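Reading through the structure tokens given below for one structure.
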Amino acid sequence: MLRKSQLSRPLLVIIALLMAALACYSDDPDPLGIFEFTPVPPTGTPLPAPSASDPAKYVLSDLLLCPRPTGGGASQCFVTNNPEDLSAGVINASGSCEYDTELEVLYIGRLNPETIYYLIACGGTVGWVNENRLMGPVRFPRGESALTTAEGAEGDLFPISSQKPPTPGPKINCQVNEVVEVLESAGDPQTGQIWNLIRCSGGAGWVEQERLFGPLPLPGTGGLGMIRPDGETAPVTNAPEAPTTDNTIGECAPNTVITTNNIQRLGDTAFYNLTCGDLQGWVEDTYLIEILYRPDSLVLIEVPKPATPAPAVGAESSDTGDTGTTDGTDATDATATAEAVVPLTAPMTENPEFATDSNVIGECPTDTIVQLKQTTLVTGEFFYQIECADKTGWVYNDYVLTGVKFFVGTDVQISEKGFIGDGPNAGFYIKDEAGYLGSNRGSSGACKVDTTAHILTIEVNPDATGGGVTVYYQLTCENADEASDTPELTGWVSQERLFTTEELQSEPATNGLIGG
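Below, the structure written as structure tokens:
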């Protein structure tokens, strides 16, 4: 999943939060007219939040997991519309999340002194889960960077397990103080341990999250960022240590674009060796903010659909005195037709500023893939210069939904880096629809490795809280099953499982351990 700053949360989540805050077990089982809450036990009060004197195990800001139960169990982590336990046969389930998918907490309610329920979100699913089915907090979300830390007398070696614990497997050696990418997280309900699947110079494998430092605001090398616009001028030192009169060699002003060259940890602080104009030196991580989209990168322009106000109950036409239209056309059909032809466009301005009636020089249609020309930060807000519809102008951050790697119609290589599943079951599996795929279960087949696939279309799915999105590509590829009567497959795959030529040349394989 790709994170995006300042991405507006959809109306669904606002409704979900209101629903959570007012989740009543009462004689009126549906106080909001949204869900039907079970009327037992009868009480006229909302499901209260845990008190400060008797808190829940987790808090709203925590990122949680629903681990696979020890000894098996249901095929997925099922959730319910109501704050209640799953019934036999999960007949009251309203949706599901893949096991070990990151869960965002929307509300926490205490049913009684022993029972707490969490309203959680995963992908497009929102529902209730009992606290005893959850683990957390996850310190390193998927896609974050972290720094490996030393333990005991290991020296420069940082061994990790090639197989997801508790399954034994050969070790892979990373380096201490190496910047790694977090690919997935998983929980072990027997030990209570949370593991991270990381990619390092030696390959990919699993490590306890306590062995990692971070998350880091920027990659250790090649990161593009800025000195925080709302902060102070950053002192630049000649060594990775707190600034003093003796070691300070210059300053880097707020809003200045920087690139990272190296990283070192000192206690609980990460220091970046960076280039700031003509100056190169070390700066504390607290001064830095990441630029999400680099110049020359591909991004998707996405304009949210405007909310349609509901018609007033009992409203009548001023022309006819009834609820129909004057020409006999159904009012609902007329409204739907009008909405269908309304173009959604992002306003483009000549300078990096918010659009007004007087400064718009062009418009970029929604769902357009464009290439960024420049990035700038104005009063704490990102603006991006793009070329769209024969115009060059600036668009506001909220219209740049996510970065994409490939245009529709391009060819990509199928690589082992995008395998999912373990051992002999690992493969480049694809799905009939755009959605998460963590194993061969639910797949429509596997693409043959080291062959070329053709991208047909792109779909972007926001998560349930609007805090991030996942890019999916529909592609055609050669079937890995040579005995199949279908030599060519068509299906969907997440962007994180496809790699550019540069990525394939520079990064180690993940040994078939990544899901998506």
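Those letters in the sequence shown? Residues 97 to 612, per my numbering, in order. Even glycine gets a Cβ: it sits at the ideal position worked out from N, Cα and C. From a predicted model like this one, the values you see are computed outputs, not experimental measurements.
- Checking the DSSP bridge columns, you'll see Thr371 partnered with Thr355, Gln376.
- Nearest in C-alpha terms to Thr475, of all of Gln481, Gly219, Tyr492, Glu459, is Tyr492.
- By the neighbour-count criterion, in which a residue is buried when 16 or more other Cβ atoms sit within 10 angstroms of its Cβ, Val567 is buried.
- Thr244 sits away from Asn208, with the two beta carbons spaced by 8 Å or more.
- Here Asp581 is exposed, its C-beta having fewer than 16 other C-beta atoms within 10 Å.
- In its chain, beyond the 5 residues on either side, Ile465, Ile551, Leu552, Thr553, Ile554 have a beta carbon closer than 8 Å to the beta carbon of Val504.
- Annotated three-state conformation of Glu512 is helix, per DSSP.
- In terms of CA proximity to Gln470, Leu394 leads the group Thr441, Leu394, Ala542.
- Residue environment: Gln172 is assigned as buried (16 or more neighbouring CB atoms within 10 Å of its CB, all protein chains considered).
- A straight-line Cα-Cα distance of about 6 Å links Leu230 and Leu161.
- Inclusion of Tyr480 and Thr197 in the CB contact set at 8 Å is not warranted, their separation being larger than that value.
- Secondary structure at Leu600: helix, using DSSP grouped into helix, strand and coil.
- Excluding sequence positions up to five before and after Val556, its CB lies within less than 8 Å of the CB of Leu396, Glu398, Leu497, Thr498, Val565, Thr566, Val567, Tyr568, all in the same chain and listed in chain order.
- Our two residues, Glu227 and Met322, have alpha carbons roughly 40 Å apart in a direct line.
- In the structure shown, Asp494 adopts helical secondary structure according to DSSP, grouped into three states.
- Taking C-beta separations shorter than 8 Å and ignoring five residues to either side along the sequence, the partners of Ile204 in its chain run Ala145, Pro146, Ala152, Tyr154, Val155, Leu156, Ile212, Tyr213, Tyr214, Leu215, following chain order.
- In this chain, Cys162 is not harboured by any beta strand (DSSP E), its DSSP state being neither H nor E.
- Just so you know, the alpha carbons of Trp490 and Pro400 end up roughly 18 Å apart.
- Under the DSSP assignment, Ile345 falls in the beta strand (DSSP E) whose first and last residues are 344-348.
- Selection Leu159, Pro262, Pro233, Leu279 evaluated against Cys218 yields Leu159 as nearest (Cα-Cα).
- Under the criterion of beta carbons closer than 8 Å, Leu202 and Val175 do not qualify as touching, at roughly 12 Å.
- When C-alpha distances from Ala282 are compared across Leu199, Ala242, Glu210, the shortest belongs to Leu199.
- Within a 10 Å sphere around the beta-carbon of Ile187 sit fewer than 16 other beta-carbons, which makes this residue exposed.
- It is roughly 18 Å from the alpha-carbon of Gln305 to the alpha-carbon of Ser297.
- Between the alpha carbons of Leu384 and Cys484 lies a distance of about 31 Å.
- Annotated three-state conformation of Glu328 is coil, per DSSP.
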